[in-house]
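S.K.: Residue 202 in this note's numbering sits at position 101 of the sequence shown; the count goes up by one each step and never skips.
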Amino acid sequence: MTVDTAKVTGRRTLRFNSIAEAIADAEALLAKPYRTVGNWTAGQILDHLARTVRVMFDGPHIPAPWFVRTFIAPFMKKNFISGTVSPGFQFTPQMAAFRPNDHAEAKTALEEFRQQFARLERETPTAPNPFLGKLTHEEWIGSMLRHCELHLSFLVP
């Protein structure tokens, strides 16, 4: 049964101030029993987060539709970088590169998550963010931390 993630209850409230905090949270979750309150497994969540960073560096660089970039993104940019991100986003067919592997194993995905976020800590993606446009290194990190807060909130110890 598919859960409406925009309405799901029981999620954790998270706030990460660094990549190290996001990684530590994921490691701590996998070290103990946990449950998911969304549609994805821990492996899928970590795989999706790692894929997102990898795509931001390596492509494919597919911009969001022009009306999203023009009319919606300017209002969402602050939340995506320093606020909170709401659940319930639906993938478009063009966003296939961001979809998690349906069979992602949590420990393997955790290692890829560590590697991709370590890369983000060292480097800045050169392509614009598909939704938010050109970002500074700090803005990239902030947006990816908000993304981690959103997805990791569905994993509950």
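For glycine and all other residues, C-beta sits at the position ideal for the given N, C-alpha and C.
Note that the structure is a prediction, hence the values are computed from the model and not measured.
Which of the three DSSP states is assigned to Leu-130 in this structure?
M.R.: helix
S.K.: Measuring CB to CB, does Thr-106 end up less than 8 Å from Asn-140?
M.R.: yes
S.K.: Given Pro-201, which residues of its chain have a CB within under 6 Å of its CB, disregarding the five upstream and five downstream residues?
M.R.: Gln-145, Asp-148 and His-149
S.K.: Can we say the stretch 157–177 touches the stretch 226–234, given the rule of at least three CB pairs closer than 8 Å?
M.R.: The stretch 157–177, when compared against the stretch 226–234, does touch it at the 8 Å Cβ threshold.
S.K.: Mind checking His-252: buried by the 16 CB within 10 Å criterion, or exposed?
M.R.: Using a 10 angstroms sphere on the CB of His-252, the tally of other CB atoms reaches 16 or more, which defines it as buried.
S.K.: Inspect the beta-carbon positions of Ile-124 and Arg-220 and report whether they are closer than 8 Å.
M.R.: no
S.K.: List the endpoints of the continuous alpha helix (DSSP H) containing Thr-142.
M.R.: The continuous stretches of alpha helix (DSSP H) do not include Thr-142, and DSSP gives it neither H nor E.
S.K.: Are Val-257 and Val-104 closer than 8 Å when you measure CB to CB?
M.R.: no
S.K.: Which of the three DSSP states, helix, strand or coil, is assigned to Val-109?
M.R.: Here DSSP, grouped into helix, strand and coil, assigns Val-109 to coil.
S.K.: Where do the ends of the alpha helix (DSSP H) carrying Lys-208 lie?
M.R.: 207–223
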